[in-house]
Amino acid sequence: MKKILVILLILVPLCGCLNNNSTSYTGESKNWSARYSIDNPKGEYHNNTLKITYKGENPKEVSVIKFKYEGPNISGSGEQKLSGSDSVVSKSEGNGTLPLEDSKINVTIEWNGKNEELILSTPSK
Numbered sequence: 013m014k015k016i017l018v019i020l021l022i023l024v025p026l027c028g029c030l031n032n033n034s035t036s037y038t039g040e041s042k043n044w045s046a047r048y049s050i051d052n053p054k055g056e057y058h059n060n061t062l063k064i065t066y067k068g069e070n071p072k073e074v075s076v077i078k079f080k081y082e083g084p085n086i087s088g089s090g091e092q093k094l095s096g097s098d099s100v101v102s103k104s105e106g107n108g109t110l111p112l113e114d115s116k117i118n119v120t121i122e123w124n125g126k127n128e129e130l131i132l133s134t135p136s137k
């Protein structure tokens, strides 16, 4: 009986470590789509990923994009080459406050003298 109790006391906390939740915000504009994902938002640390995808037929015509994103408790910016691919990925990690699931994230993308804005949100439940 004591062995079972000891095993349960070890396993119960481990089950909490296996809970890898994810929240995603998505949106698109005429030429771009984007997804901002937060992995393990209920854990102490979380990983954030912004993936921006060009929707046009020829990604080689877009060499470098500048982007910035802003929402409740998050913001960032960057500049990356598409390099023949149709998407760029920006990653970060932290342990700060996260946006609420019903929050909106604004993304601005600049390329070839043009710019577009996207509003990312979670899917309706």
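For the sequence shown, the numbering used here gives the first residue as 13, with consecutive numbering after it. Ideal placement from N, C-alpha and C gives every residue a C-beta, glycine not left out. Note that the coordinates shown come from a computational prediction; the quantities given were computed from them, not determined experimentally.
Roughly how many whole angstroms lie between the Cα atoms of Lys63 and Glu91? 13 angstroms
Helix, strand or coil for Lys78? Go by DSSP, reduced to three states. strand
Close beta carbons around Asn124, own chain, < 8 angstroms, minus the five adjacent residues each side: Glu73, Val74 and Ser75
Separation of Glu128 from Lys80, as counted between CA atoms: 11 angstroms
Any idea what DSSP makes of Glu113, helix, strand or coil? DSSP, reduced to helix, strand and coil, places Glu113 outside both helices and strands of the structure shown, so it counts as coil.
Mind listing, in chain order, the continuous beta strand (DSSP E) runs of no fewer than 3 residues lying wholly within the segment 38-78? 44-51 and 58-66
Closer than 6 angstroms by C-beta to Ser104: which residues in its own chain qualify, once you throw out the five before and the five after it? Chain order, please. Asn60
When you compare each of Lys78, Ser97 and Asp98 to Ser89 by their alpha carbons, which one comes out closest? Per the Cα distances, Lys78.
Since Leu110 and Val119 should fall inside the 8 angstroms C-beta cutoff, what is the C-beta to C-beta distance between them, to a whole number of angstroms? So it is not a contact: roughly 17 angstroms between Cβ atoms.
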